[in-house]
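Chains Y, F, G, W, P and C supply the protein sequences, listed in that same order. The first sequence begins at 593 in this note's numbering and counts up one residue at a time. The second sequence begins at 593 in this note's numbering and counts up one residue at a time. The third sequence begins at 593 in this note's numbering and counts up one residue at a time. The fourth sequence begins at 593 in this note's numbering and counts up one residue at a time. The fifth sequence begins at 593 in this note's numbering and counts up one residue at a time. The sixth sequence begins at 593 in this note's numbering and counts up one residue at a time. Note that CB positions come from ideal geometry on N, CA and C, so glycine has one too. Everything below concerns the one structure shown next.
Protein chains: 6
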Amino acid sequence: MNSYPPPNHEHIDEQMVKMEVNLDDIPGEWLGYVMDILFEAGANDVFYTPIYMKKNRPGVLLQLLCHKNNMDQMKEILLKETTTLGIRYFPITVHRMERKFIKVETKWGAITVKQGINDGEVFQSSPEYEECKAIAKRHNVPLKKVYEQVWQALAKGK
Amino acid sequence: MNSYPPPNHEHIDEQMVKMEVNLDDIPGEWLGYVMDILFEAGANDVFYTPIYMKKNRPGVLLQLLCHKNNMDQMKEILLKETTTLGIRYFPITVHRMERKFIKVETKWGAITVKQGINDGEVFQSSPEYEECKAIAKRHNVPLKKVYEQVWQALAKGK
Amino acid sequence: MNSYPPPNHEHIDEQMVKMEVNLDDIPGEWLGYVMDILFEAGANDVFYTPIYMKKNRPGVLLQLLCHKNNMDQMKEILLKETTTLGIRYFPITVHRMERKFIKVETKWGAITVKQGINDGEVFQSSPEYEECKAIAKRHNVPLKKVYEQVWQALAKGK
Amino acid sequence: MNSYPPPNHEHIDEQMVKMEVNLDDIPGEWLGYVMDILFEAGANDVFYTPIYMKKNRPGVLLQLLCHKNNMDQMKEILLKETTTLGIRYFPITVHRMERKFIKVETKWGAITVKQGINDGEVFQSSPEYEECKAIAKRHNVPLKKVYEQVWQALAKGK
Amino acid sequence: MNSYPPPNHEHIDEQMVKMEVNLDDIPGEWLGYVMDILFEAGANDVFYTPIYMKKNRPGVLLQLLCHKNNMDQMKEILLKETTTLGIRYFPITVHRMERKFIKVETKWGAITVKQGINDGEVFQSSPEYEECKAIAKRHNVPLKKVYEQVWQALAKGK
Amino acid sequence: MNSYPPPNHEHIDEQMVKMEVNLDDIPGEWLGYVMDILFEAGANDVFYTPIYMKKNRPGVLLQLLCHKNNMDQMKEILLKETTTLGIRYFPITVHRMERKFIKVETKWGAITVKQGINDGEVFQSSPEYEECKAIAKRHNVPLKKVYEQVWQALAKGK
Numbered sequence: 593m594n595s596y597p598p599p600n601h602e603h604i605d606e607q608m609v610k611m612e613v614n615l616d617d618i619p620g621e622w623l624g625y626v627m628d629i630l631f632e633a634g635a636n637d638v639f640y641t642p643i644y645m646k647k648n649r650p651g652v653l654l655q656l657l658c659h660k661n662n663m664d665q666m667k668e669i670l671l672k673e674t675t676t677l678g679i680r681y682f683p684i685t686v687h688r689m690e691r692k693f694i695k696v697e698t699k700w701g702a703i704t705v706k707q708g709i710n711d712g713e714v715f716q717s718s719p720e721y722e723e724c725k726a727i728a729k730r731h732n733v734p735l736k737k738v739y740e741q742v743w744q745a746l747a748k749g750k
Numbered sequence: 593m594n595s596y597p598p599p600n601h602e603h604i605d606e607q608m609v610k611m612e613v614n615l616d617d618i619p620g621e622w623l624g625y626v627m628d629i630l631f632e633a634g635a636n637d638v639f640y641t642p643i644y645m646k647k648n649r650p651g652v653l654l655q656l657l658c659h660k661n662n663m664d665q666m667k668e669i670l671l672k673e674t675t676t677l678g679i680r681y682f683p684i685t686v687h688r689m690e691r692k693f694i695k696v697e698t699k700w701g702a703i704t705v706k707q708g709i710n711d712g713e714v715f716q717s718s719p720e721y722e723e724c725k726a727i728a729k730r731h732n733v734p735l736k737k738v739y740e741q742v743w744q745a746l747a748k749g750k
Numbered sequence: 593m594n595s596y597p598p599p600n601h602e603h604i605d606e607q608m609v610k611m612e613v614n615l616d617d618i619p620g621e622w623l624g625y626v627m628d629i630l631f632e633a634g635a636n637d638v639f640y641t642p643i644y645m646k647k648n649r650p651g652v653l654l655q656l657l658c659h660k661n662n663m664d665q666m667k668e669i670l671l672k673e674t675t676t677l678g679i680r681y682f683p684i685t686v687h688r689m690e691r692k693f694i695k696v697e698t699k700w701g702a703i704t705v706k707q708g709i710n711d712g713e714v715f716q717s718s719p720e721y722e723e724c725k726a727i728a729k730r731h732n733v734p735l736k737k738v739y740e741q742v743w744q745a746l747a748k749g750k
Numbered sequence: 593m594n595s596y597p598p599p600n601h602e603h604i605d606e607q608m609v610k611m612e613v614n615l616d617d618i619p620g621e622w623l624g625y626v627m628d629i630l631f632e633a634g635a636n637d638v639f640y641t642p643i644y645m646k647k648n649r650p651g652v653l654l655q656l657l658c659h660k661n662n663m664d665q666m667k668e669i670l671l672k673e674t675t676t677l678g679i680r681y682f683p684i685t686v687h688r689m690e691r692k693f694i695k696v697e698t699k700w701g702a703i704t705v706k707q708g709i710n711d712g713e714v715f716q717s718s719p720e721y722e723e724c725k726a727i728a729k730r731h732n733v734p735l736k737k738v739y740e741q742v743w744q745a746l747a748k749g750k
Numbered sequence: 593m594n595s596y597p598p599p600n601h602e603h604i605d606e607q608m609v610k611m612e613v614n615l616d617d618i619p620g621e622w623l624g625y626v627m628d629i630l631f632e633a634g635a636n637d638v639f640y641t642p643i644y645m646k647k648n649r650p651g652v653l654l655q656l657l658c659h660k661n662n663m664d665q666m667k668e669i670l671l672k673e674t675t676t677l678g679i680r681y682f683p684i685t686v687h688r689m690e691r692k693f694i695k696v697e698t699k700w701g702a703i704t705v706k707q708g709i710n711d712g713e714v715f716q717s718s719p720e721y722e723e724c725k726a727i728a729k730r731h732n733v734p735l736k737k738v739y740e741q742v743w744q745a746l747a748k749g750k
Numbered sequence: 593m594n595s596y597p598p599p600n601h602e603h604i605d606e607q608m609v610k611m612e613v614n615l616d617d618i619p620g621e622w623l624g625y626v627m628d629i630l631f632e633a634g635a636n637d638v639f640y641t642p643i644y645m646k647k648n649r650p651g652v653l654l655q656l657l658c659h660k661n662n663m664d665q666m667k668e669i670l671l672k673e674t675t676t677l678g679i680r681y682f683p684i685t686v687h688r689m690e691r692k693f694i695k696v697e698t699k700w701g702a703i704t705v706k707q708g709i710n711d712g713e714v715f716q717s718s719p720e721y722e723e724c725k726a727i728a729k730r731h732n733v734p735l736k737k738v739y740e741q742v743w744q745a746l747a748k749g750k
């Protein structure tokens, strides 16, 4: 289990922007697409919440997180790809842990684990989903088993 | 506090039908309308649940309860007013309490209370929402206060 | 298809207030009423989100958007009509598109379409729900068909 | 706008099975994968609902629809890929509309539209999402515009 | 890591009953209590789903699973402790895995792990939540760490 | 019905902090525990919302409200007890009503009622849930009946 890229000293407690849009006149089908487009354009996070809107309408609250200088691009996508007539936003601070990537060995090959580090202490160890998924598919094993092997390898490394 | 219409001896443990539709390509705006139309056409209940569908789509599960001989009309409305290509259904038994309607006096006038009765015992006493709302509007008092007066009148009547 | 009222040059990127209340001791029945009352009193938007509160309680998060000088009235309604003991709020900026209203012809008569305009470009064209609904009811046609006719008329007008 | 494959006379009002699993000890990350695996294995539909479980746990209700002779395979996937200790199921009838696929022309090329037909009448016309998405990506236009063009072409064809 | 009680050969594919109640006039506060009472009275599962009901009401769908001969007790609790005027139910089959309880050693003492077994194969290994929680509290360690130790012990035992 | 402790003149319109975490790789089981731990450590409120995250993942948005000087402790718990790699936060103002506690008599003994007071007017009267629950359990009566008696006693006291 070796250190993989050097620790990534991100800025911590960064200023970002949360944008919000309420949607009650768009098919859900389009919203799956909108999420992808926003991530591709650099949104740091995008997520939906089911909401109850006026006139008995099941709606969706779209929330996204981005950097201030990315706001115009986000606005443009929201105007073009959704049906909204308005966009709300407010500043939000993000405390982001340092991330470090390590490799652990499983019987199906090495898998990257993203570690979350705060003040030098490792708090999180998340196996990379896409790599685990690729192995699960290739070797026809449950995804659950792949994660278990990674956790086991992490435990042995301690 | 007098007995209003005579107790309503409904059939208990009745056979009914639950119908279900998954929707991911309809605007929420239409769904508010669809609910009204279904109730008007005799649905015994209609409600929506937010669901997570394939391809990251926030969808809506429409569920409705109706009598077997009302199914064709419900199907027709669902085909005409929603975007679905299929409708699921299964039999469901409903244990319905007997209902009795009484009148209680408040300082703003009499209000109907729907009582739920099982084996002769009163389990529920629900002030009629529309009447409470009308009084709240007419007298410019909080709806909460209207309900409180009804509960108080019910308590005194015991 | 003629321009109806002249474009409405609203202030863009306006300062507003988001207010929030967590509710776990109010019947859902009252919340339908509360939403109406808040809109009538000038809330710019009101919506509910299902939340998981302490002690296994399914609760509701009420969110509303209003102008700063409308806050006192909103607070008063929330105190009077809900069961809350506290109200949270924070400033939020709203980027609102210019709105223009046009009329399009359908076989059932003219219907208003609200257009959302940004930097002179039309991004949204939303048929007015209440007018479409009225026509659907009057002519006994699916709401879906009414919207389709409006979209068709908009397409021809291009 | 030509008829594409001949109408597909599916069996209507088919007997199927709804399976259900409550999950409170699985990461959401795995559930995205589980949905894909179930669809690939022939589930007719799979969707998630957020639920409130005991001990204040936000859980997920997995529901799937399949044919009776596909149940064993579904069970096996659920046991292998989720953390459940039990699976519920019950018979459910599905009224499925006949489907017909037509092609409509847009300025970016032909797009398939799936039509839902009941007793010879066309109730639904759904542009194929994947084709619209591919065009939106390739031509760098909003998905919304692609759908609009399809609706317009459908209207002209009438 | 020893086998703890002998495997529990439960009946598999058992006939049970699902009961459902829609609630729009009950405070969430009471529902936390109702869930506990139902579990204490022998419900096999109880869970809530947020639903959209008529007149813009955020409601709750209560679902419970019980044995047929437990239905009367469930009905009585639902009538007494909620505000419902009706209860729906239908038969449902439950495929329940065999359960076996094993003990694994951690540095804070032994912890029970519930195993889910199907046709002799172990599919699930769930550390007992209450025991992990008790250790987390007593030793002032994150619950996450306790689970990790259990998983590690399980891995070594293989 | 006597005044119990003297009115509690809390600071009104206080500055607080809302913290938010998106979670898609944690079992729901742990989240029940996390909520308790956060309350015990002094969070003023904690609640969960179901969200739709990327890659079809049903996730959970954890929101908490705390005082500025309690933030570090909250952060530490979130890092230790959840799987998050980041925490968002922003300032929020809380308008909190004055609270006064009174006692009312029921046939099962006295029960505390929390009153919410604004500018000297009583807006809310909430029976203390834990006391009502204890009486319901001890005397084997529905919780609903206990609340009804309290409301009745409050009405008589007016």
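query                                                                                                                                                           : result
Run down chain G in chain order and give the residues with a C-beta less than 7 Å from the C-beta of Val652 (chain P).                                          : Pro650
How long is the line joining the alpha carbons of Ser717 (chain W) and Val609 (chain G), rounded to whole angstroms?                                            : 42 Å
In whole angstroms, give me the CA-to-CA distance for Ile727 (chain Y) and Ile669 (chain G).                                                                    : 56 Å
Hey, out of F:Gln741, F:Val733, F:Val742, F:Glu673, whose CA is closest to Leu671 (chain G)'s CA?                                                               : F:Val733
Quickly, what does DSSP pair Gly651 (chain F) with across the bridge? List them, please.                                                                        : F:Ile643
With DSSP as the reference, label Leu670 (chain F) as helix, strand or coil.                                                                                    : helix
If you draw a straight line from the C-alpha of Gly624 (chain Y) to the C-alpha of Tyr681 (chain Y), how long is it?                                            : 22 Å
Counting only beta-carbon separations shorter than 8 Å, does Gln707 (chain P) have a partner in chain Y?                                                        : no
Are there three or more Cβ pairs, one per stretch, closer than 8 Å when the region 623 to 637 of chain F is compared with the region 740 to 747 of chain Y?     : no
Classify His601 (chain F) as buried or exposed, calling it buried when 16 or more other Cβ atoms lie within 10 Å of its own Cβ.                                 : With a pLDDT of 44 at His601 (chain F), under the threshold of 50, the modelled position of this residue cannot be trusted; read the value that follows with caution. By the neighbour-count rule (16 or more Cβ atoms within 10 Å), His601 (chain F) is not buried but exposed.
In chain F, which residues lie less than 7 Å from Pro642 (chain Y) when you measure between Cβ atoms?                                                           : Pro642, Pro650
When the Cβ atoms of the region 639 to 647 of chain C are set against those of the region 708 to 716 of chain C, are three or more pairs found closer than 8 Å? : no
For Glu606 (chain G), list the residues DSSP reports as bridge partners.                                                                                        : G:Val686
What's the call for Lys699 (chain W), buried or exposed, on a 16-neighbour Cβ count within 10 Å?                                                                : exposed
Should Arg730 (chain Y) go down as buried or exposed, given a rule of 16 or more other Cβ atoms within 10 Å for buried?                                         : exposed
Is Ile669 (chain G) near the ligand HEM - that is, is its Cβ less than 7 Å away from at least one heavy atom of it?                                             : Looking for the ligand HEM in the displayed structure turns up nothing, as the structure carries no ligands at all.
Since Trp743 (chain P) meets chain C, which of its residues come closer than 8 Å, beta carbon to beta carbon?                                                   : Residues of chain C passing the Cβ test: none, with the nearest at roughly 12 Å.
For Glu697 (chain F), list the residues DSSP reports as bridge partners.                                                                                        : F:Ala702
Do we get a CB-CB distance below 8 Å when we pair Lys699 (chain Y) with the residues of chain W?                                                                : no
Could you tell me the alpha carbon to alpha carbon distance between Ala702 (chain Y) and Tyr739 (chain Y), rounded to whole angstroms?                          : 12 Å
Name the DSSP bridge partner or partners of Asn614 (chain Y)?                                                                                                   : Y:Leu653
With Val714 (chain C) as the anchor, note down where its beta strand (DSSP E) starts and where it stops.                                                        : 713 to 719
Are any of the Cβ atoms in chain Y nearer than 8 Å to that of Gly620 (chain F)?                                                                                 : yes
Does Lys610 (chain Y) have its Cβ less than 8 Å from a Cβ in chain W?                                                                                           : no
In the structure shown, what three-state DSSP assignment does Val626 (chain Y) receive?                                                                         : helix
What does the alpha-carbon distance come out to for the pair Arg649 (chain Y) and Lys748 (chain F)?                                                             : 40 Å
By DSSP, does Val733 (chain Y) sit in helix, in strand, or in coil?                                                                                             : coil
So is Glu722 (chain W) buried or exposed if we call it buried at 16+ other beta carbons inside 10 Å?                                                            : exposed
Note down, in chain order, all residues in the region 666 to 684 of chain Y with a beta-carbon under 8 Å from any beta-carbon belonging to chain G.             : Lys667, Leu671, Lys672, Thr675, Thr676, Leu677, Gly678, Ile679, Arg680, Tyr681, Phe682
Buried or exposed: which applies to Asn661 (chain G), given that a residue is buried once 16 or more other Cβ atoms fall within 10 Å of its Cβ?                 : exposed
Let me check understanding here. Comparing Cα to Cα, which of C:Thr676, C:Val696, C:Lys667, C:His687 lies closest to Asn614 (chain C)?                          : C:Thr676
DSSP state of Asn636 (chain F), grouped into three classes?                                                                                                     : coil
Assign Ala745 (chain Y) to one of three DSSP states: helix, strand, or coil.                                                                                    : helix
Given a cut-off of 8 Å on the beta-carbon distance, is the pair Ile679 (chain Y) and Lys692 (chain Y) in contact?                                               : no
How many angstroms separate the CA atom of Glu673 (chain P) from the CA atom of Leu735 (chain C)?                                                               : 6 Å
Quick one: residues in its chain with C-beta nearer than 6 Å to the C-beta of Glu612 (chain P), no 5 flanking neighbours on either side, listed in chain order? : Gln655, Arg680
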